[in-house]
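If you're matching positions, the sequence shown starts at 1 in full-length UniProt numbering and goes up one per residue.
Glycine included, each C-beta is placed from N, C-alpha and C at the ideal position.
Just so you know, these numbers come straight off a predicted model, no measurement behind them.
Notes for the one structure printed next.
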Amino acid sequence: MTTTASGFIDIHAHFSPPVTPEARRTAWEAMQRERFLTPQPFEWRLDETLAHMDETGTAMQMLSNVPTDHARLRASNDYGAQIVATHPTRFGLLAALPTDDPRAASEEIQRVGVVDGWAVTTLYNGRSLADTALDPLWQELDDRHAVVFVHPNAYAPAVVGMPAPLIEVAFDTGRTVVAMLYAGVFTRFPNIAFVIAHAGGAVPLLAGRLALLGAEPWVPNPHALSTTDITTTLRRLWADTAASTSDQQLAAAAATFGEDHLLYGSDWGVPCTDRASALRDITSLRRTEAISHTARAAVPDRAHTLFPQAAHRARNGSRRP
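If you want it as structure tokens, here you go:
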């Protein structure tokens with residue numbers, strides 16, 4: 001696999017503002033109760049992130065973090081903006097939106113101003129991204145031709161005794177994307193570039209079933225989607241490769257979204273990703289035969305298409321001595 005001079009553009013990377021040791025321990029104890037058995041409290045560190053990026057040839061990370069509390073969400077966006085201002089050639093920001101409150105989300109768009117894109121979670125404080133109450137928000141983002149990164153609910157409880165990041169995130173993503181599909185979000189707001197985390201989660205495995213049965217008369221279908229509509233609409237979405245570089249996952253994602261809509265993502269910056277698993281994911285991507293060699297070579301820096309300003313910053317940084 002080759003990359004351009006600017007290196008990998010990682011569109012799925014997380015960060016978190018500094019908190020007290022007591023707050024970190026409280027969060028860790030909550031994770032333990034949900035069967036997320038990390039050995040110690042997690043702390044995101046800028047120096048460790050930059051070292052990881054240098055080790056993996058990552059030119060830039062597009063940072064995202066979506067706290068459930070509105071005040072913490074705003075503070076997180078401000079902290080992310082500070083990181084980008086300090087390291088503009090290494091980081092971009094996908095600012096979080098509080099999608100449980102459309103007015104608050106619109107206000108946050110105005111408050112934050114110019115950023116590289118936006119981050120939302122599938123279910124935010126109980127409200128799904130498919131809720132029609134969000135239509136004014138989608139219209140505002142559509143008018144801006146925005147990039148919107150859709151991440152599963154990071155605060156979901158354990159399912160079948162397993163922590164949510166193992167399997168539930170994939171099904172959470174699948175449920176939400178299907179709900180958004182039938183709510184007409186993707187067709188009514190075509191100027192938004194939606195990027196779906198983790199190679200689309202369960203969506204690629206459901207795509208064939210949706211194409212076969214999704215337009216049957218027994219399926220609630222308020223926008224009268226045909227089987228062709230379902231297939232072509234899914235193909236307009238983008239997907240990242242975070243924790244999803246097995247041959248099975250990449251082949252299914254490419255068949256659903258198209259090889260040219262796969263973007264590199266690492267899922268760095270959260271407790272479920274460490275140096276070893278991140279390196280295994282990259283190695284798997286480099287070696288895969290599930291997609292064409294041309295597509296495989298293009299994945300690391302394809303995000304230039306969606307984030308031209310961030311890519312310009314990364315290229316400028318790559319030329320510095």
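- Between the alpha carbons of residue 166 and residue 125 lies a gap of roughly 21 Å.
- Check the Cα spacing between residue 157 and each of 45, 36, 28 and 23: the tightest is with 36.
- Bounds of the beta strand (DSSP E) holding residue 62 are 58 to 64.
- In this structure, the CA atom of residue 67 is about 27 Å from the CA atom of residue 8.
- For a cut-off of 8 Å, the C-beta gap from residue 24 to residue 55 is around 25 Å, too long to register as a contact.
- Counting C-beta pairs closer than 8 Å gives fewer than three between the segment 140 to 149 and the segment 78 to 89, which falls short of the contact rule.
- For the 8 Å CB-CB criterion, residue 215 and residue 225 form a contact.
- Residue 124 is bridged by DSSP to 127.
- From the listed residues 284, 260, 282 and 268, the smallest Cα separation to residue 303 is found for 260.
- Considering only 196, 174, 211 and 148, the residue with the shortest C-alpha distance to residue 189 is 148.
- Of the residues 180, 246 and 60, the one whose Cα lies closest to the Cα of residue 312 is 60.
- Pairing residue 257 with residue 62 gives a Cβ-Cβ distance that is not under 8 Å.
- Contact between residue 122 and residue 176 holds: CB atoms are separated by about 4 Å, below the 8 Å threshold.
- Checking the DSSP bridge columns, you'll see residue 250 has no partner listed.
- Between residue 94 and residue 113 a beta carbon distance of about 14 Å is seen, past the 8 Å cut, so the two are scored as non-contacting.
- Look at the beta carbons and you see the segment 273 to 282 not touching the segment 15 to 24: under three pairs across the two are nearer than 8 Å.
- Per DSSP, the continuous alpha helix (DSSP H) segment holding residue 28 begins and ends at 21 to 33.
- The beta-bridge partner set that DSSP reports for residue 194 consists of 148.
- Within the segment 45 to 110, the complete beta strand (DSSP E) segments of 3 residues or longer fall at 58 to 64 and 91 to 96, listed in chain order.
- For residue 65, the closest C-alpha among the options 57, 262, 79 and 52 is that of 79.
- Taking C-beta separations shorter than 8 Å and ignoring five residues to either side along the sequence, the partners of residue 153 in its chain run 121, 122, 123, 124, 164, 169 and 172, following chain order.
- Under the 10 Å beta carbon count, residue 218 is surrounded by fewer than 16 other beta carbons and is classified as exposed.
- Rounded to whole angstroms, the gap between the alpha carbons of residue 289 and residue 247 is 7 Å.
- The secondary-structure analysis by DSSP pairs residue 177 with nothing; it has no beta-bridge partner.
- Here residue 214 carries a coil assignment [DSSP, helix/strand/coil].
- For residue 223, the closest C-alpha among the options 187, 249 and 74 is that of 187.
- DSSP lists 13 as the beta-bridge partner residues of residue 268.
- In terms of Cα proximity to residue 281, the closest of 77, 243 and 31 is 243.
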